[in-house]
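Before any comments, here is the structure.
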Amino acid sequence: MSLNRSTAKPLLRVEHVSKIFARGREQFKAVDDVSIELEAGKTLGIVGESGSGKSTLSRCIIRLYEPDAGRVFFDGEDFTALSANTLRRKRQDIQMIFQDPLASLNPMMTVAKAIEDPLIIHKVGTPRERARRVHELLELVGLDPTAANAFPFEFSGGQQQRIGIARALALKPKLLICDEAVSALDVSIQAQILRLLQDLQAQLGLAYLFISHNLAVVEHMSDDIGVMHLGKLIEYAPVKEIFQAPKQEYTRTLIASVPYIPRPGGRHIRQPSLEETLIDPVQSASQRETTPG
Numbered sequence: 137m138s139l140n141r142s143t144a145k146p147l148l149r150v151e152h153v154s155k156i157f158a159r160g161r162e163q164f165k166a167v168d169d170v171s172i173e174l175e176a177g178k179t180l181g182i183v184g185e186s187g188s189g190k191s192t193l194s195r196c197i198i199r200l201y202e203p204d205a206g207r208v209f210f211d212g213e214d215f216t217a218l219s220a221n222t223l224r225r226k227r228q229d230i231q232m233i234f235q236d237p238l239a240s241l242n243p244m245m246t247v248a249k250a251i252e253d254p255l256i257i258h259k260v261g262t263p264r265e266r267a268r269r270v271h272e273l274l275e276l277v278g279l280d281p282t283a284a285n286a287f288p289f290e291f292s293g294g295q296q297q298r299i300g301i302a303r304a305l306a307l308k309p310k311l312l313i314c315d316e317a318v319s320a321l322d323v324s325i326q327a328q329i330l331r332l333l334q335d336l337q338a339q340l341g342l343a344y345l346f347i348s349h350n351l352a353v354v355e356h357m358s359d360d361i362g363v364m365h366l367g368k369l370i371e372y373a374p375v376k377e378i379f380q381a382p383k384q385e386y387t388r389t390l391i392a393s394v395p396y397i398p399r400p401g402g403r404h405i406r407q408p409s410l411e412e413t414l415i416d417p418v419q420s421a422s423q424r425e426t427t428p429g
C-alpha cells in the first residue's frame with residue numbers, strides 16, 4: 137500500500153513487513169504485510185486500537201523485534217540487513233519517545249546523566265562538549281538548565297516527557313518514533329507536548345512516526361495517516377482523504393469517535409481546537425449534524 141504522490145526519496149520505507157508471535161501451539165500475526173513510507177520532515181500517523189499491531193510495527197522498524205518477513209529501508213540503506221555493529225551506529229538516526237517517560241529514564245541518574253548517556257555510549261564529544269549539549273537540549277525542550285542536577289522523579293509527568301524528548305534528541309536523529317507519547321499525560325499537558333513536538337519538527341527538520349490510539353491527536357499532528365486493525369494496514373492516505381472519504385468501516389468508526397462541536401447560533405459543525413479535542417467528551421456519530429445542502 138503506497139501513496140505514490142511524491143518523487144522525493146523517502147527517509148523511511150517499510151516493505152511488506154510481518155511479525156509473528158507464538159501463543160502456545162498457535163501463531164499470532166501481530167503485523168501482517170505492512171508497507172509504509174515517510175519523507176524527511178514529515179509526520180506519518182499510525183492509529184489503531186490496542187492490539188492492532190502499531191507498536192509492534194514500530195519495534196520492527198528499529199529492530200527491537202526482528203521482522204519475520206519484509207524489509208525496512210532507512211535513509212537509503214536496508215535496515216534489516218545491517219550487522220549488529222552497523223545497526224548500533226545507525227540507530228543514532230532513529231530514536232523513540234515512549235508512553236511512560238519515567239519508565240524510560242534511569243531513576244538512579246540525574247537529568248544531566250540521563251541525557252548525556254547516549255552521547256557517552258556512542259562516544260560523542262568531550263565531557264565539556266557533552267555538558268554543553270545537555271544545557272542546549274534542556275533549553276530546547278523548554279526546561280531550565282538548572283534541572284540538570286535533579287532526578288527525574290522530582291518532576292511532573294509533562295516535565296519528565298520533556299526530559300525524555302531531550303534524551304531522544306541528544307544524538308541529532310533524523311526520525312523520532314513517538315509511541316503513545318502523550319497518552320499517559322493530563323489533557324492540559326498533552327497539548328503542550330504536542331506543540332513542542334511541532335516546534336521541534338519545524339526547527340530541526342525531524343520526521344515523526346506518530347503512533348496513537350487517539351485519531352484526533354493523530355489528525356492534528358500528521359501529514360498522512362495509516363490505520364491498523366488486527367495487524368493489517370487497512371487504510372493509508374493523506375489526512376484530508378482519510379477524514380473526507382474513508383474507505384473502510386473501521387476507519388469510519390474511529391472518525392465517529394472524534395468530537396465535533398456545534399457553532400453557537402447555527403447548525404454548522406466545526407472541528408474542535410486541539411484543547412477541545414483533548415478535553416471535551418467524545419460525541420457519537422449519531423449526535424453529529426452536517427451542514428444542510
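So for the sequence shown, this note's numbering puts the first residue at 137; every next one is plus one. Glycine included, each C-beta is placed from N, C-alpha and C at the ideal position.
Terminal residues of the beta strand (DSSP E) in which residue i lies
i: P254; result: Where P254 is concerned, there is no enclosing beta strand (DSSP E), although the alpha helix (DSSP H) it sits in stretches over 247-257.
i: I197; result: Here I197 belongs to no beta strand (DSSP E); instead the alpha helix (DSSP H) covers 190-197.
i: T179; result: 179-183
i: P374; result: 368-374
i: D315; result: 311-315
i: M232; result: 230-233
i: H356; result: Note, H356: premise wrong, no beta strand (DSSP E); alpha helix (DSSP H) at 351-357.
i: Q145; result: Strictly speaking, residue 145 in this sequence is Lys, with Gln absent from that position. Counting along the chain, K145 falls outside any beta strand (DSSP E), and DSSP gives it neither H nor E.
Residue i versus residue j - alpha carbon distance
i: R207; j: L200; result: 14 Å
i: S194; j: D315; result: 8 Å
i: I110; j: F346; result: Residue 110 lies beyond the stretch modelled for the chain, which goes from 137 to 429, so this question has no answer here.
i: P309; j: D253; result: 15 Å
i: E355; j: T179; result: 10 Å
i: L223; j: Q235; result: 24 Å
i: R268; j: G261; result: 10 Å
Cβ-Cβ distance between residue i and residue j below 7 Å
i: G189; j: V167; result: yes
i: I277; j: I251; result: Looking at the sequence itself, residue 277 is Val, so the reference to Ile does not match. No. Outside cutoff.
i: L336; j: Q228; result: no
i: V247; j: A284; result: yes
i: G293; j: L321; result: yes
i: E241; j: P288; result: The question names Glu, but residue 241 in the sequence shown is Leu. In this structure, P288 lies closer than 7 Å to L241 by Cβ.
Cβ-based burial, residue i [other Cβ within 10 Å; buried from 16]
i: K155; result: buried
i: T387; result: buried
i: P243; result: exposed
Residues near residue i in its chain [Cβ-Cβ closer than 7 Å; skip 5 each side]
i: L174; result: P146, L147, L148, L180, A343, L345
i: E312; result: Looking at the sequence itself, residue 312 is Leu, so the reference to Glu does not match. Within the same chain, L312 has close Cβ partners Q231, I233, A304, L342, Y344.
i: D214; result: R207
i: I470; result: The structure shown does not extend to residue 470, since the chain is modelled only from 137 through 429, so no value can be given for it.
Close-in-space but distant-in-sequence residues of the same chain around residue i (CB under 8 Å, 5 per side omitted)
i: E151; result: S171, G206, R207, V208, F209
i: I256; result: R266
Residues of its chain near residue i, where Cβ-Cβ distance is below 6 Å and the 5 sequence neighbours each way are ignored
i: Q163; result: I156
i: G362; result: I172, I182, L369, Y372
i: P374; result: D360
Opening and closing residue of the alpha helix (DSSP H) in which residue i lies
i: D360; result: It is not in any alpha helix (DSSP H) - D360 instead sits in the beta strand (DSSP E) that spans 360-365.
i: G341; result: Neither: G341 is in no alpha helix (DSSP H) and is coded neither H nor E.
i: L238; result: Premise fails: L238 is in no alpha helix (DSSP H) and is neither H nor E.
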